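Student: Under my numbering, the sequence shown has 229 at position 238, and the numbering climbs by one with no breaks.
Every residue, glycine too, gets a C-beta built ideally from N, C-alpha and C.
Predicted model, so just to flag it, every value in this text is computed and none were measured.
I am attaching a structure below and will ask some questions about it afterwards.
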Amino acid sequence: MNDETQHPCFHCGLPVPEDINLQVEIRGQQRDMCCHGCQAVAEAIVAGGLESFYDHRTEPSQRPEELIPEQLQRLSLYDEKLVQESFVEVDEDDKRRASLILEGITCAACVWLNERHVRALDGVLNFDVNYSTHRARVEWDESRIQLSDILKAIAAIGYIAHPFDPGKQEEIQRKEKRLALRKMAIAGVGAMQVMMLAVALYSGEFYGMDEQMQGFMHWVSMFLTIPVVFYAGLGFFKNAWRDITHKQVGMDVPVSIAIGGAFGASVWSTVTGGTEVYFDSVCMFAFFLLASRYLEMGARHRAGQAAEALVRLLPATAARLSADGNEELVPVTELIAGDRVVVRPGETIPADGVLVEGVSSVDESLLTGESLPLVRKVGDRLVGGSLNVESPLVFEIDRVGEETVISGIVQLLERAQAEKPQIARLADRIAGWFVAAVLIIAALVATWWWMHDAQHAFAVTLSVLVVTCPCALSLATPVAITAATGTLTRLGLLATRGHAIETLAKATHVVFDKTGTLTKGRLELTRVVTLTDVSESTALDIAAALEARSEHPVARAISIKAGDPMPAGEIVSRPGEGVEGVVDGQRYRIGSLRFVSELGAVSAEQEEHGAAGIWLADEAGLVARFELSDELRKGAAEVIAALRELGVEPHLLSGDSREPVTRVAAELGISNVLFSASPDDKLAYVRRLQQQGKIVAMVGDGVNDAPVLAGADVSVAMGGGTELAHAAADLVVLSDHLSHLVSGFKVARRTLVIIRQNLLWALMYNIVALPLAASGMIAPWMAALGMSASSLVVVTNALRLRHTGNSQQTRAT
């Protein structure tokens, strides 16, 4: 082949070698490629829906890497460790997690496509997308796949993904809203103009409009419909094509068939001088569908505001004290542990730390749901995002960035919103099968009408496709779950797992730990009883030495009363039972009587009554007993009574001795009690309930109850401080109000009711509307109105959960 007959590569412009026959279909035409590299890049661009790259380039690219659009090239920057520090979490196994924003999500089928596509990548451990917030949670193995590869894989199916940033999220939402509003406005104007012409055409059938005028109106209607179809409705066709190319059927497939088929048939009728046109139905369907999606988008944005509000709590700047005591205004991002910051009344605390100067009230309502400001004194902890109410404060920062309480809350909330409850997965599967069934039914309806009344076959089939669009079915669960999650967060009950709301709604028994859960967990040492010749102060010093490394409430109570701790070695902690170690050459144990008795021979008769018996023993026997008192949480009795009214049976499990446990149970009216219980005993208790078919919710302080929290069907931890960021529970009570737990049960049950109502409505609507449309009783424009109304009913019904939360909060306060 000589140079005159050689043709250039569509990508790089170089001549295509004679022995190469490589082609890629671009814009409906087969384009020649000069090498496999150019072919691979071109196919990636086409598959990603980025063909417009070719329209805007001014000259052929010289190298294959130059053929990739700029936004794809930039993705490799996200593999840099310095860049990842701001948004990637890394655990001890070097597994990485990040939150992403996905652009281009329009329906539940988009979520399904992204999840299936990304999960199939080697090295991706998990990938979940929240439809309401368009946020994804991805977990991957860095040794097998890079983050940029995941982002490019998402781009390859026509979506754009980038790390979550609150400002970027707002910008995307504003852009999404403007574009949706513009498309809806164009469709609305087009629909009004075409409907006016349609009314004239319908009237003309009765009053004898001549064919020339009728044809003129058809042409005018066609030109008015063109921007509606090819601008306002273009997204439907893009989504449908993307679904079909990936061998799946989303809800935009029947929508595109309906709009495209009706418009094409109408154009053919107009050009050939026919009398049947459907321009009015096309415009009405596009407008109603765009309007319902616009309203649904607004509801989705509002439903996801709880997490965004938390992210925006931190201020942009802070007044940092320099070494000479002068104030300097610096960005919050520059603060580090050890910095001292001044916070004046009305200002927001910029990070977590310890108060070193001043006394003031602090409002933590947006973080914990606590309605009243809390007094904070020197030595107390301050949480970033809370509001200083009264007096100037100086505090020392000890946690910034990902280590703060706000960051922990947001990460847990993201995880919960990314994970799907069982009922949501079921709804997604139903919607997928439903779309396929609709297409089959539409084909059968078209065949039947074509054989019996060909004149009305197209209109009837169009009505079937429009009226059965499964938008309501796909929206039934995600909008309700997101609204409920936001409501619970405002109440101070953080759902950290996707199944938490669904399982909490079904719980039949609730198991409480005692210390730190039903009681405040602020134990006070009231008495030291020595059982040998050891003095009280010495016994207290030995106990403090053993407990020096523990954060347990008992350890703190003992440490407060003791002096400087003695040195201790060989410390071994047994969760839920006590601590063993060597002090001054002697081996000791402190904890429950059963635990300490394993070290030295003692008898149960030696146990005396006390508010809470904590024992100290050496290898010779018991040394001392420490009596501690703990105050019940405010409203604990009312919470137990309220749970019983809801049909939930309360249980009390504790590692404490008989007397304090039975006393608390008697005060609260709990008859199901287990005392002196180890973590294994508690877990066995819960297992027995589950074997009886009970659904168990476990409420604990999250310190020593990890096994039983994990073993329960749904677990609730009393949050606070560093424990919150590492919570393994399904829900976390952010405040000290147990009443929020009752509100959680009510909101969860209400959520399940609303989801079932939504699913029932969506299914019943289609069951009723489908035969009416198939029989020719519903016109296409009526079908469009009915479909949109069905979606709005589902969204409006789900948003009632926001008002449910407000009423629950009012009663709690």
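Hey, which unbroken runs of the alpha helix (DSSP H) at 4 residues or more fall wholly within the stretch 604 to 669?
Tutor: Fully enclosed alpha helix (DSSP H) runs of 4 or longer: 627 to 636, 649 to 659.
Student: Excluding sequence positions up to five away, which residues of its chain have a Cβ less than 8 Å from the Cβ of L812?
Tutor: What is shown of the chain runs -8 to 804, which leaves residue 812 out entirely.
Student: Is E319 helix, strand or coil by DSSP?
Tutor: Of the three classes helix, strand and coil, the one that applies to E319 here is strand, per DSSP.
Student: Alpha carbon to alpha carbon, how far is L722 from T816? Give it in angstroms, no decimals.
Tutor: The chain is shown from -8 up to 804; residue 816 falls before or after that span and cannot be answered.
Student: For F254, report the span of its alpha helix (DSSP H) as first-last.
Tutor: Taken as a continuous stretch (DSSP letters only), the alpha helix (DSSP H) holding F254 covers 243 to 263.
Student: Can the beta-carbon of P336 be found less than 8 Å from the beta-carbon of E387?
Tutor: Their beta carbons are not under 8 Å apart, which means P336 does not touch E387 by this criterion.
Student: Any contact between the stretch 624 to 635 and the stretch 652 to 660? By contact I mean 3 or more CB pairs, one from each, below 8 Å.
Tutor: The stretch 624 to 635 is in contact with the stretch 652 to 660.
Student: On the three-state DSSP scale, how would you describe R805?
Tutor: Here the chain has residues from -8 to 804 only, and residue 805 is not among them.
Student: If we ignore side chains and look at the alpha-carbon of each, how far apart do A437 and I746 end up?
Tutor: Roughly 34 Å between the two C-alpha positions.
Student: Using 8 Å as the Cβ pair cut-off and three pairs as the minimum, do the stretch 744 to 759 and the stretch 242 to 256 touch?
Tutor: These segments do not touch.
Student: Compute the Euclidean distance between the alpha carbons of K174 and G224, then round it to the nearest angstrom.
Tutor: Whole-angstrom Cα-Cα distance: 8 Å.
Student: Near L365, which residues of its chain fall below 6 Å by C-beta distance, leaving aside the five closest residues on each side in sequence?
Tutor: Cβ neighbours of L365 beyond the five flanking positions: V353.
Student: Within the same chain, show all residues whose beta-carbon is closer than 8 Å to that of N105, passing over the 5 residues directly before and after it, in chain order.
Tutor: Answer for N105: L93, I96, F118, V120, A127, I145, I148, Y150, listed in chain order.
Student: Do you know offhand how far E34's Cα is from S134's?
Tutor: Spanning the two alpha carbons is a distance of roughly 27 Å.
Student: Alpha carbon to alpha carbon, what distance is there between V457 and L280?
Tutor: Going by the C-alpha atoms only, they are around 10 Å apart.
Student: Quick one: any contact between the stretch 679 to 686 and the stretch 617 to 626, if contact means 3 or more CB pairs under 8 Å?
Tutor: Taking 8 Å as the limit for Cβ pairs, the verdict is that the stretch 617 to 626 does not touch the stretch 679 to 686.
Student: Could I get the ranges of all uninterrupted beta strand (DSSP E) runs contained in the stretch 432 to 515, with 3 residues as the minimum, in chain order?
Tutor: Correct list: 484 to 486, 500 to 503.
Student: Mapping the DSSP letters down to three states, classify R335 as helix, strand or coil.
Tutor: Coil.
Student: Report yes or no: do the stretch 774 to 782 and the stretch 440 to 460 share at least 3 C-beta pairs separated by less than 8 Å?
Tutor: Counting Cβ pairs under 8 Å, three or more are found: they touch.
Student: What residue does the alpha helix (DSSP H) around G560 start on, and which one ends it?
Tutor: Note, G560: premise wrong, no alpha helix (DSSP H); beta strand (DSSP E) at 559 to 565.
Student: CA-CA distance, S194 and G226?
Tutor: Distance between the alpha carbons of S194 and G226 is about 34 Å.
Student: Go ahead and label F207 buried or exposed: buried means 16 or more other beta carbons lie within 10 angstroms of its beta carbon, across all protein chains shown.
Tutor: It is exposed - the Cβ of F207 has fewer than 16 other Cβ atoms within 10 Å.
Student: When you compare the CB positions of K505 and D672, do they come within less than 8 Å of one another, or not?
Tutor: Cβ atoms of K505 and D672: not closer than 8 Å.
Student: I'd like to confirm the pairing. Which residues does DSSP put opposite E571 in its beta bridges?
Tutor: V563, R580.
Student: Along the chain, where does the beta strand (DSSP E) that runs through I217 open and close?
Tutor: Where I217 is concerned, there is no enclosing beta strand (DSSP E), although the alpha helix (DSSP H) it sits in stretches over 202 to 218.
Student: Drop a sphere of 10 angstroms on the beta-carbon of K737, count the other beta-carbons inside from all chains shown, and report buried for 16 or more, exposed for fewer.
Tutor: By the 10 Å Cβ count, K737 comes out buried.
Student: For A277, which three-state DSSP category applies?
Tutor: In the structure shown, A277 sits in a helix (DSSP, three-state: H, G or I).
Student: Leaving out five residues on either side along the sequence, give the residues of the same chain with a beta carbon under 8 Å from the beta carbon of A536.
Tutor: Excluding residues within five positions, the ones whose Cβ falls inside 8 Å are P556, M557, P558, A559, G572, V574.
Student: In angstroms, rounded to a whole number, what distance separates the CA positions of R110 and E130?
Tutor: Taking the straight line from one Cα to the other gives about 10 Å.
Student: Count the other CB atoms within 10 Å of the CB of D84; is the residue buried (16 or more) or exposed (fewer)?
Tutor: It counts as exposed.
Student: Secondary structure at R390, three-state DSSP: helix, strand or coil?
Tutor: Strand at R390.
Student: What do you get for A611, buried or exposed, if any count of 16 or more other CB atoms within 10 angstroms of its CB means buried?
Tutor: It is exposed - the Cβ of A611 has fewer than 16 other Cβ atoms within 10 Å.
Student: What separation, rounded to the nearest whole angstrom, lies between the Cα atoms of D113 and V587?
Tutor: In a straight line, the C-alpha of D113 is about 51 Å away from that of V587.
Student: Can you grab the Cα-Cα spacing for the pair Y69 / S139, in whole Å?
Tutor: Going by the C-alpha atoms only, they are around 6 Å apart.
Student: Need the endpoints of the alpha helix (DSSP H) that T236 sits in, please.
Tutor: Per DSSP, T236 belongs to the alpha helix (DSSP H) from 225 to 236.
Student: Is the distance from the Cβ of K86 to the Cβ of L116 below 8 Å?
Tutor: In contact: K86 and L116 (Cβ atoms closer than 8 Å).
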